[in-house]
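Participant: The structure is given below, and queries will be raised subsequently.
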Amino acid sequence: MNTIGIDIGGTKVKAGIINHEGQILSLIEEQTNKQELMNQLLSLIERLLHNDDFKIEGIGIATAGRVDVENGSVLYATSNLPGWTGIKVKEMVEERFSIPTVVDNDANCAAYAEMEIGSAIQVENFICITIGTGVGAGIILNGNLHRGKNGGAGEIGHMVLIPNGRQCNCGKRGCWEQYVSGTALTLDIKEESTFLNQTILPENIFKHAYDSNPIAVKIVERFIDNLAVGIASLQDILDLDCFVLGGGVIDSSPYWWDQLVNKLKTITNQSLIIRKAKLKNNAGMLGAALMACTYATMKLKVKG
Numbered sequence: 004m005n006t007i008g009i010d011i012g013g014t015k016v017k018a019g020i021i022n023h024e025g026q027i028l029s030l031i032e033e034q035t036n037k038q039e040l041m042n043q044l045l046s047l048i049e050r051l052l053h054n055d056d057f058k059i060e061g062i063g064i065a066t067a068g069r070v071d072v073e074n075g076s077v078l079y080a081t082s083n084l085p086g087w088t089g090i091k092v093k094e095m096v097e098e099r100f101s102i103p104t105v106v107d108n109d110a111n112c113a114a115y116a117e118m119e120i121g122s123a124i125q126v127e128n129f130i131c132i133t134i135g136t137g138v139g140a141g142i143i144l145n146g147n148l149h150r151g152k153n154g155g156a157g158e159i160g161h162m163v164l165i166p167n168g169r170q171c172n173c174g175k176r177g178c179w180e181q182y183v184s185g186t187a188l189t190l191d192i193k194e195e196s197t198f199l200n201q202t203i204l205p206e207n208i209f210k211h212a213y214d215s216n217p218i219a220v221k222i223v224e225r226f227i228d229n230l231a232v233g234i235a236s237l238q239d240i241l242d243l244d245c246f247v248l249g250g251g252v253i254d255s256s257p258y259w260w261d262q263l264v265n266k267l268k269t270i271t272n273q274s275l276i277i278r279k280a281k282l283k284n285n286a287g288m289l290g291a292a293l294m295a296c297t298y299a300t301m302k303l304k305v306k307g
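So for the sequence shown, our numbering puts the first residue at 4; every next one is plus one.
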């Protein structure tokens, strides 16, 4: 069975045709059109459906924000996706294409993919943390996604790390994602006068630190400290089998992974295992497609 998987982030949208084993058969990647996001989503689906080599049985959509999974609507999205709150995504997609559609939070989809075909196969209790424009998490407890009563479980990026700290686009101050995300690294770079006249992307800051640039070292050490504190705190609450770290920032992990492992050893006496997301930045898209496969199979059984 082939399905379409789409991952809507604050920076990019990835859409692909995926088979039931999680293999990517076709892929489109674009910058997020924040002003015309629903039109962009429908256009991506239409383009993928025009590929006559593959029969599409379902559509899965992973999106940033809090999602009503049963109805497939966005309950809340931050200013990273303006105008996205309240959009009835499932209804609009099914009305347009008449294909069974499932919508879930992007981090939930990433966790589902890592559980099914990634770094956490046969792991029953773990958190998949996605670090990109913001920070999110999919929580797997006893082998099942834990979404919470109102779909808000896993919004760990909005735990307050530093009271009265940086202003977050959720309205609070000092949220964790303001210190351990791509957005946070951009702010750190801008605040360091040494970098004011240089074009340095957040993903390059780790390489600069690895090469012993003193300002970059300072920024990365702060990033690692804040990341480690959040992970250790979550372990104290849930006592999980492991953590899986993914999202865009994970691409630079060869420069900082060992530093994080060593930092965690110094701040907690809990047994704590961290793993790199095997599926990297494709996890959200793949998880959405695999969810769509399960949903489409269920629909077919009901019809049969």
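Even glycine gets a Cβ: it sits at the ideal position worked out from N, Cα and C. As the structure is a prediction and not an experimental result, all values here were calculated from the model.
Going straight from the alpha carbon of G68 to that of C178, what length do you get?
Facilitator: One-based indexing of the sequence shown puts residue 68 at position 65. One-based indexing of the sequence shown puts residue 178 at position 175. Taking the straight line from one Cα to the other gives about 15 Å.
Participant: Would you mind reading off the limits of the beta strand (DSSP E) that contains I227?
Facilitator: Taking the first residue of the sequence shown as 1, we reach residue 227 at position 224. Looking at the DSSP string, I227 is not in any beta strand (DSSP E); the run it does join, the alpha helix (DSSP H), is P217 to L241.
Participant: Whose C-beta lies closer than 8 Å to the C-beta of F57 among residues of the same chain, with five residues either side of it excluded?
Facilitator: Walking along the sequence shown from the start, residue 57 turns up at place 54. The residues are N5, I20, L28 and S29.
Participant: Between the C-alpha atoms of L190 and F129, what's the straight-line distance to the nearest angstrom?
Facilitator: One-based indexing of the sequence shown puts residue 190 at position 187. One-based indexing of the sequence shown puts residue 129 at position 126. Their Cα atoms are separated by approximately 30 Å.
Participant: Once you ignore the five residues that flank S215 on each side, which residues in its own chain have a CB closer than 6 Å to its CB?
Facilitator: The residue labelled residue 215 in the question sits at position 212 within the sequence shown. Here the set comprises nothing.
Participant: Pick out the complete alpha helix (DSSP H) segments inside the region 114-183, 4 residues or longer, and give them in chain order.
Facilitator: As far as the region 114-183 is concerned, it has no whole alpha helix (DSSP H) run of at least 4 residues.
Participant: Taking the continuous alpha helix (DSSP H) assigned at V264, which residues delimit it?
Facilitator: Residue numbering aside, residue 264 sits at position 261 when the sequence shown is read from its first letter. Residues W260 to I270.
Participant: How about the region 279-295 and the region 115-132: do they share at least three Cβ pairs that are nearer than 8 Å?
Facilitator: With the cut-off at 8 Å, the region 279-295 and the region 115-132 touch.
Participant: Using DSSP's beta-bridge definition, name the partner residues of A18.
Facilitator: The count along the sequence shown starts at 1 and reaches residue 18 at position 15. A18 is bridged to I9 and I31.
Participant: Do I227 and Q262 have their CB atoms nearer than 7 Å?
Facilitator: Walking along the sequence shown from the start, residue 227 turns up at place 224. Walking along the sequence shown from the start, residue 262 turns up at place 259. Yes. Within cutoff.
Participant: Select from L241, D239 and A231 the residue whose C-alpha is nearest the C-alpha of W259.
Facilitator: As a first step, residue 259 must be located in the sequence shown, where it is residue number 256. Among L241, D239 and A231, the Cα nearest to that of W259 is on A231.
Participant: With a CB to CB cut of under 8 Å and the five nearest residues on each side skipped, what residues in its chain are close to H161?
Facilitator: Here residue 161 corresponds to residue number 158 of the sequence shown, with the count starting at 1. The residues are C171, C173, K175, C178, W179 and E180.
Participant: Which residue comes first and which comes last in the alpha helix (DSSP H) that contains N42?
Facilitator: Residue numbering aside, residue 42 sits at position 39 when the sequence shown is read from its first letter. Note, N42: alpha helix (DSSP H), L40 to L52.
Participant: Looking at the secondary structure, which residues open and close the alpha helix (DSSP H) in which K210 lies?
Facilitator: For this step, residue 210 is matched to residue 207 along the sequence shown. Element bounds for K210: I208 to Y213.
Participant: Using 8 Å for Cβ pairs, my map puts P205 next to I192. What's the rounded Cβ distance?
Facilitator: Taking the first residue of the sequence shown as position 1, residue 205 is located at position 202. Taking the first residue of the sequence shown as position 1, residue 192 is located at position 189. That pair is a contact at about 7 Å.
Participant: Start and end of the alpha helix (DSSP H) containing A187?
Facilitator: Position 184 of the sequence shown, counting from 1, holds the residue named residue 187. That run of the alpha helix (DSSP H) goes G185 to E194.
Participant: With which residues is N108 paired in a DSSP beta bridge?
Facilitator: As a working mapping, residue 108 is identified with position 105 in the sequence shown. DSSP lists T66 as partners of N108.
Participant: Pairs of beta-carbons, one from the region 95-112 and one from the region 44-60, closer than 8 Å: are there three or more?
Facilitator: Touching, yes, given that three or more Cβ pairs across the two stretches are closer than 8 Å.
Participant: Taking only the alpha-carbon atoms, compute the straight-line gap between V70 and Y298 and give it to the nearest angstrom.
Facilitator: The residue you call residue 70 lines up with position 67 of the sequence shown. The residue you call residue 298 lines up with position 295 of the sequence shown. C-alpha separation (whole angstroms): 17 Å.
Participant: Is G287 helix, strand or coil by DSSP?
Facilitator: Reading the sequence shown from its first residue, position 284 is the one you call residue 287. Note: G287 maps to helix in three-state DSSP.
Participant: Could you pull the start and end residues of the beta strand (DSSP E) that F246 belongs to?
Facilitator: Mapped onto the sequence shown, residue 246 falls at position 243. Its beta strand (DSSP E) spans residues C245 to G249.
Participant: With 16 other CB atoms within 10 Å as the buried threshold, where does Q238 fall?
Facilitator: Taking the sequence shown and counting its residues from 1, the one referred to as residue 238 is at position 235. So Q238 ends up on the buried side.
Participant: Kindly list the residues whose CB is nearer than 7 Å to the CB of G151, restricted to its own chain and excluding five residues on each side of it in sequence; keep chain order.
Facilitator: On the sequence shown, position 148 is the one that residue 151 refers to. Excluding positions up to five away in sequence, the list is empty.
Participant: Could you check the C-alpha separation between Y213 and E224 for me, to the nearest Å?
Facilitator: As a first step, residue 213 must be located in the sequence shown, where it is residue number 210. As a first step, residue 224 must be located in the sequence shown, where it is residue number 221. Taking the straight line joining both Cα atoms gives about 11 Å.
Participant: Under DSSP, the alpha helix (DSSP H) around K93 begins and ends at which residues?
Facilitator: Residue numbering aside, residue 93 sits at position 90 when the sequence shown is read from its first letter. Its alpha helix (DSSP H) spans residues V92 to F100.
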